[in-house]
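Per the numbering used here, the very first residue in the sequence shown carries number 917; after that it's consecutive.
Beta carbons are placed, not taken as given, at the ideal position from N, Cα and C, and that holds for glycine.
Just below is one structure, and these are the notes that go with it.
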Amino acid sequence: MSDQKDSKGKTPQRPENESGSASGDGATGSGNDNRSNESKTVPKNVAESLIEMNPALKNELVSMDKDKAANALRNMDISQLLTGLSMGGKNQKDMASYKFWQTQPVPRFDDQAAKAPIAQGPIKIIKPDEVSKTPDPLLEGFEWCTLDLTNETELRELYELLNNHYVEDDNAMFRFSYSQSFLHWALMSPGWKKEWHVGVRATKSRKLVASICGVPTELRVRGERIKVTEINFLCIHKKLRSKRLTPVLIKEITRRCYVNGIFQAIYTGGVILPTPVSSCRYYHRALDWLKLYEVGFSPLPHGSTKARQITKNHLPSNTSTPGLRAMEVKDIDAVYDLLERYMRRFDLNQAFTRDEIEHWLVYKEQPGKEQVVWSYVVEDPETHKITDFVSFYNLESTVIDNPKHEAVRAAYLYYYATETAFTDNTKALKDRLLVLMNDALILAKQAHFDVFNALTLHDNPLFLEQLKFGAGDGQLHFYLYNYRTAPVPGGINDKNLPDEKKMGGVGIVML
Ligand SMILES: CC(C)(COP(=O)(O)OP(=O)(O)OC[C@H]1O[C@@H](n2cnc3c(N)ncnc32)[C@H](O)[C@@H]1OP(=O)(O)O)[C@@H](O)C(=O)NCCC(=O)NCCS
917 MSDQKDSKGK TPQRPENESG SASGDGATGS GNDNRSNESK TVPKNVAESL IEMNPALKNE
977 LVSMDKDKAA NALRNMDISQ LLTGLSMGGK NQKDMASYKF WQTQPVPRFD DQAAKAPIAQ
1037 GPIKIIKPDE VSKTPDPLLE GFEWCTLDLT NETELRELYE LLNNHYVEDD NAMFRFSYSQ
1097 SFLHWALMSP GWKKEWHVGV RATKSRKLVA SICGVPTELR VRGERIKVTE INFLCIHKKL
1157 RSKRLTPVLI KEITRRCYVN GIFQAIYTGG VILPTPVSSC RYYHRALDWL KLYEVGFSPL
1217 PHGSTKARQI TKNHLPSNTS TPGLRAMEVK DIDAVYDLLE RYMRRFDLNQ AFTRDEIEHW
1277 LVYKEQPGKE QVVWSYVVED PETHKITDFV SFYNLESTVI DNPKHEAVRA AYLYYYATET
1337 AFTDNTKALK DRLLVLMNDA LILAKQAHFD VFNALTLHDN PLFLEQLKFG AGDGQLHFYL
1397 YNYRTAPVPG GINDKNLPDE KKMGGVGIVM L
């Protein structure tokens, strides 16, 4: 999927080197572009600092002659500086103003430009007794609801809303299809709160027309532990778009978090908002190239043949790491210990509890429930110590209007860890990950996935290109709500390619 309308930045995207397509549109398209041209222009010091944060754009400017670059810079708005998207591209008209976001406790774009080092911490201190006890009113004819996802009917309602109205690509070829098992897993993690499964219903028909959800967790941001809500599944029925319902939903879930004593949040998106703490790039590894070609996900590169593409993406039928096996309940402590040490190597990471490890990583077969997560450990055949661990999850996309295929089965690389990471030997780590991840690809292929997706976070830059992942044309931006920290590296360099020197930043995977 090339240009993703996808404000999550994570529907399948054609590898850029094959599609040669233009990059994505932020697609907030909220018709609120009411800033004057003048105010769109960015002061020089702000521009310089934003360019530093934006490797792709920096690269684009370097290849231009000086006058042209200066001119382009003068005419650019902040969103372009941040996205690094083509200057002739669609983003030009986007996001001249953030009427809503400018009222929120989020870092401003120009914070990065300030001379003083960024002081890490909350942006606004929230006084619980000043938090409103009641939600803001909704549009006439609609009302708030709290979803009870333990109730099959309500889980199904959320599933249907998302299946019909959640993230699509620009060409409306694919739409995310989160299964009910997935939603159950994603939204009922340890400590989950019903109040954070927020819905909007049409008063008369009772139809669910919008959602925004959150689950509690803890992050470590450069060693600082913070309790946060992970926000996900912001979705508005297509007929209710561009009515400024999003700010109302965001304010309501924020209020419900404040009421529960949580004052920070983390969220991701493919759109640029003020202000990403990091940006990663999507990579895609074809497992069933022919199917990806038939659904329009992978084009046939010029000069190649179908047979050649199939051969190129061929994988061995069996894994090669001795001691590799499915993770079981008995492995929880070992995986917890290994993952905890591994995660601390990243600026922004999730401080898992043991219960969370069990919830997020151990698949327990249940009648009628689809498998969502696949986790494997490597048990040293001699010492029986768990030395490595890798996992991926299933997120299908509906193929809209294709005579042959209904869905693309995508495996998304989830958490992993290896003892080799603590040897301080990047070459050894790379060699280990190449074997481990190749095995993960084989396991995903055995589980009938069509494509394996990964971002440039964790240590992924060490293996993506060598294992034939193609560069996607989407970025995934990470945001913190009511928390400020210096930018965190996203694993990509000034050519927008995976770079070992840019690792160590993002250590969290958001669904
Ligand atoms: C994303 C979506 C909820 C936006 O709805 P909309 O009707 O276009 O926008 P609204 O008129 O309600 O609100 C516009 C405001 O929301 C903000 N906004 C839009 N998408 C946003 C997002 N993904 N996250 C946070 N804020 C967002 C806009 O920036 C704008 O605020 P601003 O004035 O400060 O710029 C809607 O397009 C949708 O449901 N899309 C499919 C699912 C999806 O992409 N979900 C987001 C996944 S991250």
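Cα separation between residue i and residue j?
i: Ala1323; j: Gly1423; result: 30 Å
i: Glu1056; j: Ala1327; result: 41 Å
i: Gly1005; j: Ile1142; result: Residue placement at Gly1005 is poorly supported in this model, since its pLDDT is 34, which falls under 50; the coordinates are not used for a value here.
i: Leu998; j: Ile1188; result: Legend: pLDDT at Leu998 = 48, less than 50; position of this residue unreliable, no value from coordinates given.
i: Gly1311; j: Val1288; result: Note on residue identity: the sequence assigns Leu, not Gly, to residue 1311. The alpha-carbon atoms of Leu1311 and Val1288 are separated by roughly 8 Å.
i: Asn1412; j: Tyr1397; result: 26 Å
i: Leu1071; j: Pro1215; result: 36 Å
i: Pro1044; j: Pro1163; result: 21 Å
i: Leu1231; j: Phe1385; result: 13 Å
i: Asp1086; j: Gly1115; result: 26 Å
i: Met1353; j: Asn1265; result: 21 Å
i: Leu1103; j: Val1131; result: 6 Å
i: Gln1391; j: Arg1241; result: 33 Å
i: Thr1314; j: Arg1157; result: 21 Å
i: Asp1389; j: Asp1375; result: 20 Å
i: Lys1123; j: Lys1110; result: 19 Å
i: Ser1002; j: Gly1186; result: Residue placement at Ser1002 cannot be trusted, given a pLDDT of 34 that sits under 50; what the coordinates show is reported in the next sentence. Taking the straight line from one Cα to the other gives about 15 Å.
i: Ser946; j: Glu1134; result: Below a pLDDT of 50, predicted positions are generally treated as unreliable, and Ser946, at 23, falls in that range; the measurement from the model is reported next regardless. Near 32 Å, if we compare the C-alpha coordinates of Glu1134 and Ser946.
i: Ile1302; j: Glu1274; result: 16 Å
i: Pro1238; j: Tyr1258; result: 21 Å
i: Phe1092; j: Leu1345; result: 33 Å
i: Ser1095; j: Pro1033; result: 44 Å
i: Tyr1199; j: Ala1370; result: 5 Å
i: Lys1159; j: Val1047; result: 25 Å
i: Ser1194; j: Val1211; result: 32 Å
i: Pro1414; j: Asn1318; result: 33 Å
i: Trp1112; j: Ser1236; result: 43 Å
i: Gly1284; j: Arg1224; result: 39 Å
i: Thr1062; j: Ile1226; result: 48 Å
i: Asp993; j: Gln1018; result: The pLDDT assigned to Asp993 is 46, lower than 50, so where the model puts this residue is not dependable; a value taken from the coordinates is nonetheless given after this. So the two alpha carbons sit approximately 16 Å from each other.
i: Ile1039; j: Gln1180; result: 9 Å
i: Glu1381; j: Asp1410; result: 16 Å
i: Thr1119; j: Leu1054; result: 11 Å
i: Leu1161; j: Asp1247; result: 45 Å
i: Asn1080; j: Val1125; result: 11 Å
i: Glu1244; j: Gln1282; result: 15 Å
i: Glu1059; j: Asn1176; result: 22 Å
i: Leu1074; j: Pro1021; result: 29 Å
i: Thr1145; j: Ser1105; result: 12 Å
i: Asp1026; j: Ala1387; result: 29 Å
Could you round the C-beta distance between residue i and residue j to whole angstroms and report it? I think they count as a contact, below 8 Å.
i: Gly1407; j: Leu1373; result: 6 Å
i: Tyr1292; j: Val1306; result: 5 Å
i: Leu1427; j: Asn1067; result: Contact flag wrong, Cβ pair sits at about 21 Å.
i: Asp1127; j: Leu1065; result: According to the sequence as given, residue 1127 is Ser; it is not Asp. Ser1127 to Leu1065, Cβ: 11 Å. No contact.
i: Pro1192; j: Tyr1014; result: Contact doesn't hold; Cβ gap of about 13 Å is too wide.
Counting along the chain, where does the alpha helix (DSSP H) carrying residue i start and finish?
i: Arg1136; result: Where Arg1136 is concerned, there is no enclosing alpha helix (DSSP H), although the beta strand (DSSP E) it sits in stretches over Leu1124 to Val1137.
i: Tyr1252; result: Ile1248 to Met1259
i: Ile1169; result: Leu1161 to Val1175
i: Arg1224; result: Lys1222 to Lys1228
i: Leu1277; result: Arg1270 to Leu1277
i: Trp1205; result: Trp1205 to Glu1210
i: Glu1070; result: Glu1068 to His1081
i: Ala1344; result: Thr1342 to Gln1362
Tell me where the beta strand (DSSP E) around residue i begins and ends.
i: Asn1369; result: Val1367 to Leu1371
i: Glu1146; result: Glu1140 to Ile1152
i: His1321; result: Counting along the chain, His1321 falls outside any beta strand (DSSP E), and DSSP gives it neither H nor E.
i: Leu1103; result: Here Leu1103 belongs to no beta strand (DSSP E); instead the alpha helix (DSSP H) covers Gln1096 to Leu1103.
i: Ser1013; result: From DSSP, Ser1013 is part of no beta strand (DSSP E); its letter is neither H nor E.
i: Gly1386; result: Gly1386 to Tyr1397
i: Leu1264; result: Leu1264 to Gln1266
i: Phe1092; result: Phe1090 to Ser1093
i: Glu1059; result: Phe1058 to Thr1062
Counting only C-beta atoms, is residue i closer than 8 Å to chain D at any point?
i: Ala1356; result: No chain D is part of this structure, which consists of one protein chain only.
For this session: Assess, as a yes-or-no matter, whether the region 1354-1364 is touched by the region 1402-1412 under the definition of 3 or more beta carbon pairs within less than 8 Å.
Result: no
For this session: Examine the Cβ distances between the region 1192-1206 and the region 1269-1276 and report whether three or more of them are shorter than 8 Å.
Result: no
Exercise. With contact counted as at least three CB pairs below 8 Å, one residue from each stretch, are the region 1228-1245 and the region 1353-1361 in contact?
Worked result: yes
Problem set entry | the region 1163-1172 touching the region 1293-1301, judged by at least three CB pairs closer than 8 Å | no
Exercise. Taking contact to mean at least 3 C-beta pairs separated by less than 8 Å, is the region 1250-1259 in contact with the region 1334-1353?
Worked result: yes
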